[in-house]
Amino acid sequence: MKAQREKEQTEVAVVEESFPVRETAPLDGAEDLMEPTDESWVVKLEQSVNIFLTETVVTILGSLYRDRNYARFFVLETIARVPYFAFISVLHLYETFGWSRRADYIKVHFAESMNEFHHLLIMEELGGNSLLFDRFLARFMAFFYYFMTVGMYMLSPRMAYHFSECVERHAYSTYDKFLKLNEAELKELPAPQAAINYYLNEDLYLFDEFQTARAPCSRRPKIDNLYDVFINIRDDEAEHCKTMKSCQTHGNLRSPHSIKNGLRSDTE
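For the sequence shown, the UniProt record's numbering assigns the number 268 to the last residue and increments by one with no breaks.
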């Protein structure tokens, strides 16, 4: 577990170096749960369980999809969008009973789910869902993952967000390795229509919304070929990773469109 944490910290450093995080002022009354209490046995236990679960799933998928990248990506994207539905479900339940009002959380998580949904459309267009086995495995895992995440989120939102951060970090690493191994081939292939429709859409409000560490309109993708598509998918996963990390501090998440101060300087 100690070696795994060191690996995790190295991967996070790579993500954050590639995509600098925009600093925002702490919210009033927000308790920083990740600083002094990060060494508590509860947090260590949560993170150890998350790392074990993530590595188990990664090992299983790695053995099943050694040379079938698009099918593996289809399974990953089917699974990756599930937590955001689960978070929204629990937050809606809490709102129904009047226990909390977290509009920004619901808004950002919806934008995240839409981003992962379009990743899934891209993988389907590339043929990742062509086999019945792959469709069954992805949906079977997603079904149980949903209820597991709902239970985890109700028990400990911090643990649920950290688990999603682990999943998104793995996705970033997977796409990054794929790009390095297949750069020349991918640059010769055309971009799927689903990617063109999403990344080159004139209305990119929801695209900006899930990138909470960035100012709106500060990132606009280029799509000339399939290589560009996977570059943007990889970069999306990096932004998800940072958002999930931010969520682990209670009350720290804010919609990028609701933050007025500093947006002009960030864009510049």
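Cβ coordinates follow ideal geometry from the N, Cα and C atoms, glycine included.
Taking the straight line between their C-alpha atoms, what separation do you get for Leu253 and Ala160? 15 Å
Straight-line gap, Pro256 to Met244 (C-alpha atoms, nearest Å): 14 Å
Sequence-distant residues of the same chain with beta carbon closer than 6 Å to His119, five excluded per side: Excluding sequence neighbours, His119 sits near Glu77, Ile233.
Simplified DSSP state of Ile223, which is helix, strand or coil: Collapsing the DSSP output to three states places Ile223 in coil.
Tell me the rounded alpha-carbon separation between Leu186 and Gly128. Rounded to whole angstroms, the separation of the alpha carbons of Gly128 and Leu186 is 16 Å.
Between Thr59, Thr56, Asn69, Ala194, which lies nearest to Asn182 when the distance is taken from Cα to Cα? Asn69
Taking only three categories from DSSP, how would you classify Tyr65? coil
Quick check on DSSP: helix, strand or coil for Cys247? Of the three classes helix, strand and coil, the one that applies to Cys247 here is helix, per DSSP.
Assess contact between the stretch 40 to 60 and the stretch 84 to 101, defined as three or more Cβ pairs (one per stretch) separated by less than 8 Å. Is contact present? no
Report the rounded CA-to-CA distance for Leu226 versus Trp99, giving the unit in angstroms. 45 Å
Roughly how many angstroms lie between the CA atoms of Cys247 and Cys166, to the nearest whole one? 13 Å
Leaving out the 5 sequence neighbours to the left and right, which residues in its chain are closer than 7 Å to Tyr199 when beta-carbon positions are compared? Pro221, Ile223, Asn232
Going by DSSP in three states, Phe97 sits in which element: helix, strand or coil? coil
Quick one: grab the DSSP three-state call for Gln193. helix
Measure the alpha-carbon distance for Ser258 versus Cys241 and round it to whole angstroms. 20 Å
Below 6 Å CB to CB, which residues in the same chain sit around Arg135 once its five sequence neighbours on both sides are set aside? Asn129
Environment of Lys107 [buried if 16+ CB atoms lie within 10 Å]: Label assigned to Lys107: buried.
Buried or exposed by the 16-neighbour rule on C-beta atoms within 10 Å, applied to Ile79: buried
Closest to Gln47 by CA distance: which of Tyr205, Pro157, Val229 is it? Pro157
Reference Arg169, options Arg72, Glu239, Val43, Tyr65, closest by Cα: Glu239
Would you grab the beta carbon distance between Ala213 and Tyr153 for me? Rounded to a whole angstrom, and I think it's under 8 Å. No, Ala213 and Tyr153 are not in contact; Cβ-Cβ is about 22 Å, not under 8 Å.
Pairwise C-alpha distance: Ala215 and Thr24: With a pLDDT of 39 at Thr24, under the threshold of 50, the predicted position of this residue should be treated as unreliable, though the coordinate-derived value follows. Whole-angstrom Cα-Cα distance: 11 Å.
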